[in-house]
């Protein structure tokens with residue numbers, strides 16, 4: 001059994017002899033947790049509202065947790081389609097973030113030029 005605590009994921013003593021599939025799921029959960037942490041840190045540093053990316057990560061996290069609780073590790077066609085859609089949404093969210101970052105850089109550059117122009121024009125008057 002997996003427990004989620006404040007520090008991340010840990011395995012409980014009930015797990016006993018962990019099979020390859022449960023070990024794989026545990027590793028996947030740890031990676032998802034790390035990705036979520038990195039995404040939150042990055043989006044906070046960039047001052048971006050991470051709703052789309054966090055939504056996709058949260059959905060993936062819930063799916064893996066549901067698989068762990070149901071002890072189902074096989075991938076059906078429906079699950080594969082869902083994962084494809086999730087990857088597409090994630091890629092679109094990344095493109096949207098890059099576009100936002102490019103727009104922010106352009107705005108900052110334009111504001112810097114305006115500030116320099118205002119500064120120099122006030123000195124000449």
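Residue numbers (the UniProt record's numbering): 1 to 125.
The C-beta atom is built at its ideal place from N, Cα and C for all residues, glycine as well.
Given a cut-off of 9 angstroms, decide if residue 61 and residue 91 are closer than it, judged by their beta-carbon atoms. At the C-beta level, residue 91 and residue 61 stay beyond 9 angstroms of one another.
Given this structure, state the Cα-to-Cα distance separating residue 69 from residue 95, to the nearest angstrom. Spanning the two alpha carbons is a distance of roughly 33 angstroms.
Can you give the beta carbon distance from residue 39 to residue 54, rounded, assuming they're within the 8 angstroms contact cut? Confirmed, Cβ separation roughly 7 angstroms.
By DSSP, does residue 76 sit in helix, in strand, or in coil? It is coil, neither helix nor strand.
Taking the alpha-carbon positions, what's the residue 106 to residue 26 distance? Distance between residue 106 and residue 26, taken at the CA atoms: about 42 angstroms.
Through-space distance from residue 82 to residue 45, alpha-carbon basis: Distance between the alpha carbons of residue 45 and residue 82: 30 angstroms.
Outcome for residue 57 when other beta-carbon atoms lying within 10 angstroms are tallied against a minimum of 16: Taking a 10 Å sphere around the C-beta of residue 57, we find 16 or more other C-beta atoms and assign the residue as buried.
Mapping DSSP to helix, strand and coil, what is residue 46? Coil.
Thinking C-alpha only, which one of 41, 59, 64, 51 is nearest residue 28? Distance from the Cα of residue 28 is smallest, within the candidate group 41, 59, 64, 51, for 64.
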